[in-house]
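Start counting at 1 in the sequence shown, then tack on 75, and there's your number in my numbering.
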Amino acid sequence: MSVLIKDVLLEGVVTSIYIEGNRIAAIGDKARVEADTTIDGRSRAAVPGFVNTHTHAAMTLLRSYADDLSLREWLEKAIWPRESKIEPEDIYWGTKLACLEMIKGGTTAFNDMYFHMDQAARAVKEMGIRAVLSEGFIDLRDPDLGQQLLKKQQAVIKKIEGVGTDRVRAALGPHAIYRVSRESLQALKELSDSKGYMIHLHLAETKREVEDCISEQGVRPVKYLEGLGVLSRQLLAAHCCWVDQEEIDLLARDGVKVANCPTSNMKFASGSLPYRAMREAGVLVSLGTDGAASNNNLDMLESMKFAGLLQKFASGDPTVAPASEVFEMATLGGARALGLDSGLLEEGRLADIALIDLRRPELNPRHDLRSLLVYSAHGNVVDTVICDGQVLMKGRKVAGEAEIVRKAAEVGRDLASRE
Ligand SMILES: [Zn+2]
């Protein structure tokens, strides 16, 4: 299977991109060869597919179910009671809807944590994008319950791996330090070490999490994890709004990856990630939308804008987080965080590509495309999406779209009214 994208704008030059199998085989003159599928790239720009490094895909079902609350109130009064009613089939449809929305916004890979993740794996496989999937692990700090959940976690991993595609990978998902026992965190780290699984958790999202950690454990969250031996290159920590310089240095030292989730952080007034200090320390910062119930969409272009604006607003310095850095956060940064050979359009890289429709009014005049994508555009400027060498969207059309929207809306309505 081969795809030729002809006469497309790439880094300011009109060229061609030839894809063979799931990788970019050639760019430029040598790419002008016959292919099974040819895409007219005129009036389009090729950019790497966006990588969303923190979300809860099936929370699309709870989009707009509860807004304008504090994080605790939102979770305790609205979300957790509804999540207790979720059935496996709901996750399948919620994840299908999320994948559809992500594809329509140019996202080709995401890092997800939720429940019944074997169903999410089935949905992702069908939709054609990439995902790292972790079953949310919550033992309410009861190590005995943790033991049982550890077995469950391994059983779900087996099912995720059983879907049989390289696009879907399993990871470990301890929800957050305030809902998982130290014994379980350490056991998950051991499993991560022995099997190479990534660990995905929420960390230092709110000021309260830090205060509670200090009063219960005597140290701040990152220090606490260091003490447990959990910090590593395999750890991806979402949010990290409330980390001090010593913690930033620890994250950098141990190669911990961070998912910045500015839209969700702004909506809950949680805070903002200390981006400049992290960048100076060498921490890898990627970009996540968080779930659609706290964003309320999965639009990485919109999240890029918020990432830039929040940093400027919070620091009082408009030079912080320039467009080029934010664009990299959403592409190469995400690919590196998830260990994917994508995020750049180069020969030999995975063919995960979004084509931008340059005829859109908000993309003209075009003094600086990256700046336009970060500050001016939304996901609907994406015209075509290719992931793993397969064309998933062309002319903004995705196969089966109407049925996915109809079915997910029905499931979401049913979930909201379940007794
Ligand atoms: Zn989250």
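Quick reminder that beta carbons are idealized off the backbone N, C-alpha and C, glycines included.
Contacting residues, own chain, Cβ-Cβ under 7 Å from V231 (five flanking each side not counted): Start at 1 with the first residue of the sequence shown, and residue 231 comes out as number 156. Closer than 7 Å at the Cβ level, and outside the excluded window around V231, lie M192, D193 and E210.
D463 vs R205 beta-carbon contact at 8 Å: Working through the sequence shown from its first residue, we reach residue 463 at position 388. Working through the sequence shown from its first residue, we reach residue 205 at position 130. The answer is yes: Cβ separation under 8 Å.
C-beta atoms of A483 and G169 nearer than 8 Å: Here residue 483 corresponds to residue number 408 of the sequence shown, with the count starting at 1. Here residue 169 corresponds to residue number 94 of the sequence shown, with the count starting at 1. Going by C-beta atoms, A483 is nearer than 8 Å to G169.
Cβ-based neighbour list, K387, same chain, cut-off 6 Å, excluding 5 preceding and 5 following: Counted from its first residue, the sequence shown places residue 387 at position 312. Taken in chain order, the residues that qualify are P393 and V395.
4 or more residues per run - each alpha helix (DSSP H) lying fully within the stretch 194-238: 218-237
Closer than 7 Å: G366 CB and nearest ligand 1 heavy atom: Indexing the sequence shown from 1 puts residue 366 at position 291. Yes.
Distance CB(A410)-CB(S399) smaller than 8 Å: In the sequence shown, counting from the first residue as 1, residue 410 sits at position 335. In the sequence shown, counting from the first residue as 1, residue 399 sits at position 324. Taking the C-beta atoms as reference points, S399 is found no nearer than 8 Å to A410.
Endpoints, the beta strand (DSSP E) within which T128 is located: Residue mapping note: residue 128 aligns to position 53 of the sequence shown, counting from 1. Element bounds for T128: F125 to T130.
Assigned secondary structure, L425 (DSSP; H/G/I helix, E/B strand, else coil): Counted from its first residue, the sequence shown places residue 425 at position 350. In this structure, L425 counts as strand in the three-state DSSP scheme.
N-terminal and C-terminal residue of the beta strand (DSSP E) that K380 is part of: For this step, residue 380 is matched to residue 305 along the sequence shown. Not the beta strand (DSSP E): K380 falls in the alpha helix (DSSP H), residues M375 to S390.
S145 in three-state terms, based on DSSP: Taking the first residue of the sequence shown as 1, we reach residue 145 at position 70. It is coil, neither helix nor strand.
Cutoff 6 Å; reference L430; Cβ partners in own chain excluding five residues on either side: Counted from its first residue, the sequence shown places residue 430 at position 355. Answer for L430: R119, A121, D458 and T459, listed in chain order.
Beta-carbon proximity check, E322 vs V297, cutoff 8 Å: Here residue 322 corresponds to residue number 247 of the sequence shown, with the count starting at 1. Here residue 297 corresponds to residue number 222 of the sequence shown, with the count starting at 1. Closer than 8 Å, so yes.
Burial state of N439 (16 or more Cβ within 10 Å): Mapped onto the sequence shown, residue 439 falls at position 364. Classification for N439: exposed.
Residue nearest to G454 in terms of C-alpha spacing, selected from P163, T135, E86 and E176: Locating residue 454 in the sequence shown gives position 379, counting from the first residue. Among P163, T135, E86 and E176, the Cα nearest to that of G454 is on E176.
Buried or exposed by the 16-neighbour rule on C-beta atoms within 10 Å, applied to E355: Your numbering for residue 355 matches position 280 in the sequence shown. So E355 ends up on the exposed side.
Coarse secondary structure for F185, derived from DSSP in three states: Your numbering for residue 185 matches position 110 in the sequence shown. Of the three classes helix, strand and coil, the one that applies to F185 here is strand, per DSSP.
Residue range of the alpha helix (DSSP H) that includes L247: Here residue 247 corresponds to residue number 172 of the sequence shown, with the count starting at 1. Not the alpha helix (DSSP H): L247 falls in the beta strand (DSSP E), residues V243 to P249.
Stretch pair the stretch 150-157 + the stretch 344-355: three plus CB contacts closer than 8 Å: no
For Y93, three-class secondary structure by DSSP: The residue given as residue 93 occupies position 18 in the sequence shown. Y93 falls in the strand class under three-state DSSP.
I161, DSSP secondary structure in three states: Here residue 161 refers to the residue found at position 86 of the sequence shown. The DSSP-derived three-state label of I161 is coil.
Beta-carbon gap between M341 and L373 smaller than 8 Å: Reading the sequence shown from its first residue, position 266 is the one you call residue 341. Reading the sequence shown from its first residue, position 298 is the one you call residue 373. No, these two residues do not count as a Cβ contact at 8 Å.
Through-space distance from S91 to A245, alpha-carbon basis: On the sequence shown, residue 245 is found 170 positions in, with the first residue counted as 1. On the sequence shown, residue 91 is found 16 positions in, with the first residue counted as 1. Rounded to the nearest angstrom, the two C-alpha atoms are 35 Å apart.
Residue burial classification, G363 (beta-carbon count within 10 angstroms, cutoff 16): Within the sequence shown, the letter at position 288 stands for residue 363. Flag for G363 reads buried.
Pick from M134, D165 and P163 that is closest to L150, judged by C-alpha positions: Counting from 1 along the sequence shown, the entry for residue 150 is found at position 75. Cα-wise, what sits closest to L150 is M134.
Rounded C-alpha distance that separates I80 from C174: In the sequence shown, the residue the question calls residue 80 occupies position 5. In the sequence shown, the residue the question calls residue 174 occupies position 99. Between I80 and C174, the C-alpha separation is close to 23 Å.
T112 versus N127, Y93 and G103, residue with shortest Cα-Cα distance: Here residue 112 corresponds to residue number 37 of the sequence shown, with the count starting at 1. Out of N127, Y93 and G103, Y93 has the C-alpha closest to the C-alpha of T112.
heavy atom of ligand 1 below 7 Å from H129 C-beta: What you label residue 129 is simply residue 54 of the sequence shown in a count that begins at 1. Yes, the beta carbon of H129 sits closer than 7 Å to at least one heavy atom of ligand 1.
6 Å Cβ shell around M76 - same chain, five flanking residues per side excluded: In the sequence shown, the residue the question calls residue 76 occupies position 1. Around M76: D111.
Neighbour-count burial assignment, H442, 16 or more Cβ in a 10 Å radius: Working through the sequence shown from its first residue, we reach residue 442 at position 367. Exposed, by the Cβ-count rule.
Coil, strand or helix - R138 by DSSP: Here residue 138 is taken as the residue at index 63 of the sequence shown, counted from 1. In the structure shown, R138 sits in coil (DSSP, three-state: anything other than H, G, I, E or B).
Three-state secondary structure (DSSP) of S361: Locating residue 361 in the sequence shown gives position 286, where the first residue counts as 1. In the structure shown, S361 falls within a strand segment according to DSSP collapsed to helix, strand and coil.
Nonlocal neighbours in the same chain, by C-beta distance under 8 Å from L407, ignoring five residues either side: Taking the sequence shown and counting its residues from 1, the one referred to as residue 407 is at position 332. Only P123, G418 and L419 meet the Cβ criterion.
Chain B contact for L220 (CB, 8 Å cutoff): Among the chains in the structure shown there is no chain B, since it carries only a single protein chain.
Three-state secondary structure (DSSP) of V460: Start at 1 with the first residue of the sequence shown, and residue 460 comes out as number 385. Three-state result, V460: strand.
First and last residue of the uninterrupted alpha helix (DSSP H) at T338: The sequence position of residue 338 within the sequence shown is 263, counting from 1. Start and end: P337 to K342.
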